[in-house]
Amino acid sequence: MKATLTLAILMILLTISVFGQTSTSRSVPLHEVSGIVQDTIGGPVSNASLLLSSVRDTLHITTNSEGIFLFSQVKSASFILTINGVGYVPSVRKYFFNDSQKKIILDPIILGLRSNLLNEVKINGTPSIVYKTDTVEYRASDYKVHENATVDELLKKMEGMEIDNNGSLTYQGQSVTSAKLNGKEYAGGSVEQAIKNLPAEIVEKIQIVDDYGDQASRTGIKFGTPKVVLNITTRSDKSIGDIGMATASQGNDDRYDDRIFAQRIDGNKQIGVIGDFKNTINGVANNASTNTNQQENGGVNTAASGNALNSSSGSGGVAKSFTPAFTYSDQWGEKINVNANYLFNNTNNYIINTSQGEQFSTLGTTYSNSQSLGDNNSKNHNFTVQLEYNIDGADYLKITPAFSYLVMDNLNNSTIGQSGLQHLNSVANTLEQSKSPSFETTVFYQHLFNKTGRNISIELYYNAINQTETYHQTNEISYFNINKELNYGAKEIKVFGIAGVVDSLISIYNDEGIRTKVLFDKNGALIYELALPKKYLNIKKGDAKIVYNVMLNGLTSMVKISVPKNAPQVASVVAIPRGMSNSSNSNFEILNYPTDFWGIYPLKIK
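For the sequence shown, our numbering begins at 57 and goes up steadily by one.
This is how it looks when you write it as structure tokens:
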């Protein structure tokens, strides 16, 4: 009985173990879920996003260009599908399929178009730009700039306006030549001073005006080419008050760029002070100009003219400037308007240029070094006054005196050195000084008659300029023309075209020495050549023989001269009598020492 019970328990445990192993060995079946996403008219919806989620799955794919999608590794046959497409209403769908179904093909999924109600848009009926007969007008409030911005930053946002690095303003490709504030010339009409100093927050309108002059503005009769003028009108709430601004920029080597601006506006009365202080680098200046020519013997001859060596004429270098400006305008009584401007510009521009180069030829290499220095100073005073007198409704008088005084000092130095194949030194100095005081005045009178269009006008103009210039220039060019020669032969030669001649058939002897060739005149009037063999430099018996090859006006002669012993260093001074040369003012050089080693290796058949 006891044995039977034990056997029954063992059979039950074995049955449970086998059942458990069979259950764990079963794998989960995978499904393929596919379908198509379409719009309401049957067109495919591409790039639609589909999210399949279930207890066992979280899968994400997008439709292709034909709207088709395929999930290939789905573990559960019951899932939720979320579909989103740009511009379509999202859709969420639930699906229940048999787990034994491996491939599941869904019915087409239709997405409806999404419609959104736009918010209300308010349109301001006032245009941003107004075109008049001779004026283009911009409304400043339509252009957003940052706080404390200046007028130039406002202009850069306006259509057709361009400002370069120098502060020059152009409109539709035309240069704007003058600036006004509320119809009155500002800072002597300087566009740069007006746009980079006046704050943008005071501006109501920007006007670009074709100005035909005072006569045209009163009569309406236009002739000639107009000037393009910038007129800045201020806001009514900014037409009375004080404006101040200061900016400072500091850098290494005492570099700075500082500016102060103060303006008092009280209706027709304006008082302004502007100051610019700069010590900045303007960039790289142009190199000194040189004129390089090729000689007949293949050498390089570099000659520099006086003006070409003035390299500091270009921009660049270190610029130090001080530019204050004062402006005043007011209405004196009911009939007189006054506008006065004073501008002073003090600029110092210091330039250093250095360059190195190499020039190669079949005869050798020429090395060049050049340096140019420029120190240019200018001081310019400008004072102008405009006095307008409206005598009555028919008579008008305007007097405009102007005075300017310009002083300039330009000092330039250029040094060029060459060595190697061509040897020369060139130094040039120029000093240019000028003073230009000038005075001019314009008187304009006009009378209007009762009949429209009839008027008489008189304009008187006087101009006086007293300009003095002083120009000093020195050029010094030294040429060192040394002609080097080295003659040698091969150790193996071919005789009558038969190859294989060995060294035993050839004797070689050496003759070494010192050789110098000097040009006395670059026009070729005299060529002086000296050859001194090395064996004669030793102090022995006999005299050293020096050979002179002299060419006078194209005629060659050979002269042998004996020199005393113990005199290896040769000094010669040659003077050509008048009439022997084509030029009566020839340049001569002196040969002091032999300078060039040479060797001759001739070959001789034994």
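We put the CB at the ideal spot given by N, CA and C, even for glycine.
Would you identify the three-state DSSP class for residue i, choosing helix, strand or coil?
{"i": "THR119", "result": "coil"}
{"i": "ALA631", "result": "Annotation note: pLDDT 33 at ALA631 (below 50); position unreliable, no value reported."}
{"i": "ARG315", "result": "strand"}
{"i": "LEU225", "result": "strand"}
{"i": "ASP270", "result": "helix"}
{"i": "LEU86", "result": "coil"}
{"i": "LEU210", "result": "helix"}
{"i": "GLY245", "result": "helix"}
{"i": "GLU257", "result": "helix"}
{"i": "ASP155", "result": "coil"}
{"i": "TYR199", "result": "coil"}
{"i": "ILE251", "result": "helix"}
{"i": "LYS294", "result": "helix"}
{"i": "THR275", "result": "helix"}
{"i": "GLU515", "result": "strand"}
{"i": "SER109", "result": "strand"}
{"i": "SER128", "result": "strand"}
{"i": "LYS325", "result": "strand"}
{"i": "GLU390", "result": "coil"}
{"i": "SER305", "result": "coil"}
Taking 6 Å as the limit between beta carbons, can you name the residues of its chain near residue i, skipping five residues before and five after?
{"i": "VAL232", "result": "LEU225, VAL247, VAL284, LEU286"}
{"i": "TYR268", "result": "LYS278, PRO282"}
{"i": "ASN485", "result": "ASN469, THR530"}
{"i": "THR303", "result": "ARG315"}
{"i": "VAL192", "result": "ILE264"}
{"i": "THR138", "result": "LEU107, VAL148"}
{"i": "ASN519", "result": "GLU496"}
{"i": "VAL207", "result": "ILE251, LEU254, ALA256"}
{"i": "ASN481", "result": "GLY473, SER534"}
{"i": "THR526", "result": "GLN489"}
{"i": "PRO493", "result": "TYR461, ASN522"}
{"i": "LYS159", "result": "GLU88"}
{"i": "GLU444", "result": "ASN393, LYS454"}
{"i": "LEU115", "result": "LEU108, PHE127"}
{"i": "SER305", "result": "ASP313"}
{"i": "GLU515", "result": "PHE500"}
{"i": "LEU399", "result": "GLY244, ALA381, ASN438"}
So the candidates are the options; which of them puts its Cα closest to the Cα of residue i?
{"i": "GLU436", "options": "THR289, MET464, GLN387, THR497", "result": "The question names Glu, but residue 436 in the sequence shown is Asn. Taking only the C-alpha atoms, the option nearest ASN436 is MET464."}
{"i": "GLY373", "options": "THR379, ASN405, PRO85", "result": "ASN405"}
{"i": "GLN228", "options": "VAL265, ASN222, ASN238, GLU260", "result": "VAL265"}
{"i": "PHE416", "options": "THR410, SER424, TYR518", "result": "SER424"}
{"i": "GLY244", "options": "ILE327, GLY280, LYS150", "result": "ILE327"}
{"i": "ARG112", "options": "SER132, GLY123, ASP95, GLU203", "result": "SER132"}
{"i": "LEU401", "options": "ASN409, PHE378, SER460", "result": "The amino acid at residue 401 is misidentified as Leu; the sequence shows Asn. Comparing Cα-Cα distances from ASN401 to each of ASN409, PHE378, SER460, the minimum goes to PHE378."}
{"i": "ASN522", "options": "SER197, PHE459, GLY430, SER434", "result": "PHE459"}
{"i": "ALA381", "options": "GLU414, ILE392, ILE330, GLU88", "result": "ILE330"}
{"i": "ASN409", "options": "THR96, THR471, VAL207, ASN481", "result": "THR471"}
{"i": "GLN474", "options": "THR422, THR498, ALA196, ASP310", "result": "THR422"}
{"i": "SER109", "options": "LYS150, ILE160, ILE262", "result": "LYS150"}
{"i": "GLY276", "options": "ILE288, ASP190, ASP332", "result": "ASP190"}
{"i": "THR508", "options": "GLY216, GLU203, ARG311, ALA450", "result": "ALA450"}
{"i": "LYS491", "options": "SER428, THR524, GLY123", "result": "THR524"}
{"i": "GLN442", "options": "ILE512, THR498, GLY280", "result": "THR498"}
{"i": "GLU532", "options": "TYR517, VAL483, PHE505, LEU516", "result": "VAL483"}
Check the C-beta distance from residue i over to residue j and give it rounded, since I have them as a contact under 8 Å.
{"i": "GLY99", "j": "LEU162", "result": "Contact doesn't hold; Cβ gap of about 18 Å is too wide."}
{"i": "ILE452", "j": "ARG274", "result": "Sequence inspection shows Tyr at residue 452; the Ile mentioned does not correspond to that position. That pair is a contact at about 6 Å."}
{"i": "GLN129", "j": "LEU86", "result": "6 Å"}
{"i": "THR440", "j": "ASN397", "result": "5 Å"}
{"i": "GLN387", "j": "ASN446", "result": "Actually they are not in contact, since the Cβ atoms of GLN387 and ASN446 sit about 10 Å apart, beyond 8 Å."}
{"i": "ASN335", "j": "LYS376", "result": "5 Å"}
{"i": "ILE299", "j": "GLN319", "result": "4 Å"}
{"i": "MET214", "j": "TYR187", "result": "That pair is no contact at about 14 Å."}
Against chain C, with Cβ distances strictly below 8 Å, would residue i count as a contact?
{"i": "ASN221", "result": "Reference to chain C is not applicable here, since this structure consists of a single protein chain."}
Using a Cβ-Cβ cut-off of 8 Å (strictly less than) and excluding sequence neighbours within five positions of residue i, which residues of its own chain qualify?
{"i": "GLY143", "result": "LEU169, ARG170"}
{"i": "THR290", "result": "LEU237, ASN238, ILE258, VAL259, GLU260, ILE321"}
{"i": "SER121", "result": "PRO100, SER102"}
{"i": "LEU126", "result": "GLU88, VAL89, SER90, ILE117"}
{"i": "VAL145", "result": "LEU167, GLY168, LEU169, ARG170"}
Sorted by chain position, which residues of the same chain lie with C-beta nearer than 7 Å to residue i's C-beta, five sequence neighbours on each side aside?
{"i": "GLN230", "result": "VAL284"}
{"i": "ASN466", "result": "ASN432, GLU488"}
{"i": "MET301", "result": "PRO255, PHE317"}
{"i": "ILE296", "result": "ILE321, ASP322, GLY323"}
{"i": "TYR242", "result": "ALA235, LYS236, ALA250, THR383"}
{"i": "ASN154", "result": "ALA133"}
Compute the minimum distance between the beta carbon of residue i and the heavy atoms of the ligand COA, and state whether it is under 7 Å.
{"i": "LEU237", "result": "Annotation note on the ligand COA: not contained in the displayed structure, which lists no ligands."}
In chain order, what are the residue ranges of uninterrupted beta strand (DSSP E) at least 3 long that sit wholly in the stretch 445-511? 451-476, 479-504
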